Amino acid sequence: MAAPLRVERRSAAVQGRLAATARRLLIAAAATSSLAACSLAPVYHPPSVEPATASWKEGDSLWHSAAPADAADRGAWWQVFGDARLNMLEASLDKANPTLAVALARYDRAAAFASQRAASLSPQVDVAGSPTRNRQSDNRPLRGSNQPDVYDANTLQASIDYELDFWGRVRNEVAAGRAEAAAANADLATARLSLQAKLASLCFELDDDDMQTHILQDAIEAYRQAETLTENRFEGGVDSKLAVARAKTQLSDALAQAAEVTAQRALAEHAIASLVGRTATTFGLPPDRGEIGIPAIPVGVPSALLQRRPDIAAAERRVFEANADIGVARAAFYPDLTLSGLLGWQDTGHGNLLSAGNQVWAFGPLAALNLLDGGKRRAQEHEAQAAFDEASGRYRATVLTAFQQVEDNLALLEQLRVEARNEDDAEGSAKDAVDIAMNRYHDGATNYLDVVTAQTSYLTAKRTAQRVHTRRLQASVRLIEALGGGWTQAHPDGA
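Residue numbering for the sequence shown follows this note's numbering, starting at 1 and increasing by one per position.
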């Protein structure tokens, strides 16, 4: 039983030496980490967007700064329209849309890369073992006469390495990686919001096609009755062949318009199928003639809502990433300092590998500095600075575009509201004109041209009024998208 006891004691001694070496390295790393507080990256400030605005041109608002706050919950913003079919389709989009799956995978990849960089902040510990059987050449230089032809060479060792991040290179790399992961997450949110808005717009387009079909079907029925009326009057000698031809022309034109609307509906339905991850061949939506109300827009939608836009957040985080990369480039001008330690055993197959005489160890710092590189590091610093300027420019452009999109849709919604009111009046007047023209035609006080003109104007006014209603819905969707996802939260102006 003596031999196993000695092995256990040696094993315990080995573990003790490894632990002692690890402690020494960690203590040294902790002692030097207090010195590694320097960062060569410029002090970061988000790019300013001038001139700052206190209100929307198209409505009262409040804007302080373009500071991303995209972590705020956007919620199911589409529910403001009260459309059950839209609610169902939006839920399907989030589960099955392939574009969202790509954006999610891109974020997962960026997050994993950020974790890889963060691992550089910790000591790296490796264990290696190499038991080999070797034969040496008879003519090996300096071979001794008493050396065997065949021998064993066994190695067991553990090593610890820790980079002393005096110049902040590693910390800036980690910060840049985390910023890119955050930007990728914001890109995912941007893709989701964009697809949600596209789906809502397509659903309203589909609803508009259904309503247009209903309007045309009513008109076609009325035109068929008018065609029969003119034929009967012609056969009775009361009217001319010209009236019959005009009635037939009007009916054929309405049928052609109905066919065009049917084709447009098919295209909208196919696009919706792709968005919700279904094949156009197997996907179908029944006609829905329920009218969707225009959501009320709070007075003075605050421009601070722009801070929730994920594309602004992504652009700002890439500016931060580029700023950190400048620190990485500048750190290359200074020496890399690494603290290393090694403990192990080596033998040639004679005796016990773990005996004290076979022990090897090493401990100490390693410094490396490049003296001549032909201007490479200076060029890398200039490249990093240029990348920062590029990211800053893209950030400003993103913020300015966001303001433009909100202003565009605020103006469009206001003018569409006025247009809708006028179109409703025009529709009512056109309906009165149709009734008057038909009564006069029955009484023989006018020819059928007045009836055709009145009916055509009425159909046009009715279809235009419906189209304006759909455009108001779609503009509301675009405004919600421009604001980063609705206005459900309380704001200082009461919105």
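Even glycine gets a Cβ: it sits at the ideal position worked out from N, Cα and C.
All figures in this text were calculated on a predicted structure; none of them were measured in a lab.
- Item | Proximity below 9 Å, CB of L342 to CB of A362 | Contact flag set, yes.
- Between which two residues does the alpha helix (DSSP H) carrying A130 extend? A small correction: the amino acid at residue 130 is Ser; Ala does not occupy that position in the sequence shown. Counting along the chain, S130 sits inside no alpha helix (DSSP H); it lies in the beta strand (DSSP E) bounded by residues Q124 to R135.
- Using the DSSP secondary-structure output, state which residues sit across from I160 in a beta bridge. V125 and G341
- Message: So the candidates are V434, G428 and N409; which of them puts its Cα closest to the Cα of S476?
- Response: N409
- Item | Spatially closest choice to K376 from L353, A368, A332 and R417, by CA coordinates | A332
- Below 7 Å CB to CB, which residues in the same chain sit around R394 once its five sequence neighbours on both sides are set aside? A315
- Residue of L199, F166 and T190 minimising C-alpha distance to E90: The shortest Cα separation from E90 among L199, F166 and T190 belongs to L199.
- Can you say whether N352 is buried or exposed, counting buried as having 16 or more other CB atoms within 10 angstroms of its CB? exposed
- Query: What are the start and end residues of the alpha helix (DSSP H) that includes V434?
  - Reply: K376 to H442
- Item | CA-to-CA distance, S274 to A433, given in whole angstroms | 44 Å
- Query: Which term fits T262, buried or exposed, when burial requires 16 or more other beta carbons within 10 angstroms of its beta carbon?
  - Reply: exposed
- Query: Terminal residues of the continuous beta strand (DSSP E) containing L366?
  - Reply: Run containing L366: Q359 to A368, per the beta strand (DSSP E) assignment.
- Query: Going by beta carbon distance, what residues of the same chain come within less than 7 Å of K462, once the five residues before and after it are set aside?
  - Reply: I215 and E427.
- Since L164 contacts T338 with CB under 8 Å, what's their CB separation in whole angstroms? The Cβ separation is near 7 Å, so the contact holds.
- Between R467 and the rest of its own chain, which residues show a CB-CB distance below 7 Å, the 5 nearest in sequence each way excluded? Once the five neighbours on either side are set aside, the close Cβ partners of R467 are D208.
- In this structure, does DSSP put G494 in helix, strand or coil? Caution applies to G494, whose pLDDT of 33 falls short of 50 and renders its modelled position unreliable; the value that the coordinates give is listed next. Note: G494 maps to coil in three-state DSSP.
- Work out the CA separation of A41 and A175 for me, nearest whole Å. 11 Å
- Task: Measure how close the beta-carbons of Y441 and R246 come, nearest whole angstrom, since I'm counting them as under 8 Å.
- Result: With a Cβ gap of about 11 Å, Y441 and R246 do not count as contacting.
- Under a three-way DSSP split, which group does A28 fall into? Caution is warranted here: a pLDDT of 48 is assigned to A28, below 50, making its placement in the model unreliable, and the coordinate value is therefore given only provisionally. Helix, per DSSP.
- Where does V174 sit, in a helix, a strand or coil, going by DSSP? helix
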